[in-house]
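What follows is a short report on a single structure.
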Amino acid sequence: MYVFGGWVPLVMEDVKVATHEKEWKCTNTLACLNLDTMTWEPVAMETQEDNLPRARAGHCSVAINSRLYIWSGRDGYRKAWNNQVCCKDLWYLETGRQEQTATPAPS
């Protein structure tokens with residue numbers, strides 16, 4: 029299972045903020061759930077920053093073979109007429125997951 033982007037708490041090192049007062053930001057990180065350990069592991073994306081989808085939340089994604097397709101969402105930062113800006117784009121990320129090959133049935 030992969031998770032791309034979404035809302036994460038803004039880490040403020042010097043300021044202690046009550047839980048209900050935390051600020052949130054969108055991210056463009058990718059994580060994978062390790063089903064053996066049931067822990068989330070960050071996935072390093074070997075590409076330049078301008079070749080990555082920008083941070084977003086509220087998007088759709090689907091994994092097909094070794095690619096994770098990401099469509100649309102809201103960027104969470106810019107405002108246009110007091111509304112968040114929608115991302116009207118389609119991206120794919122190579123997850124590096126091995127494709128499974130079909131094994132012929134014994135005769």
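In this text, residue positions in the sequence shown follow our numbering: the first is 29, and each later residue adds one.
Where is the CB? At the ideal position from N, CA and C, for every residue including glycine.
Quick caveat, the model's predicted, so the values are computed rather than measured.
Please report how far the alpha carbon of P81 lies from the alpha carbon of T65, in whole angstroms. 29 Å
Give the DSSP-derived three-state secondary structure of D79 in the structure shown. Checking the sequence, you will find Asn at residue 79 rather than Asp. Residue state, collapsed to three classes: helix.
Kindly indicate which residue of G101, V113 and M73 has the alpha-carbon position closest to the one of T123. M73
Close Cβ partners of A83 (< 8 Å) along its chain, the five nearest in sequence each way excluded: G33, K53, C54, T55, N56, D103, G104 and Y105
Would you report the Cα separation of W99 and A91, rounded to the nearest angstrom? 12 Å
Would you list the one or two residues that DSSP bridges to E122? R95
Out of V39, M29 and L58, point me to the one whose CA is closest to A85's CA. L58
Alpha-carbon to alpha-carbon, C114 and Y30: 22 Å
Between the Cα of K50 and the Cα atoms of Q76, P37, W119 and Y97, which residue gives the shortest distance? P37
Using the Cα positions of E69 and L63, report the straight-line distance between them to the nearest angstrom. 11 Å
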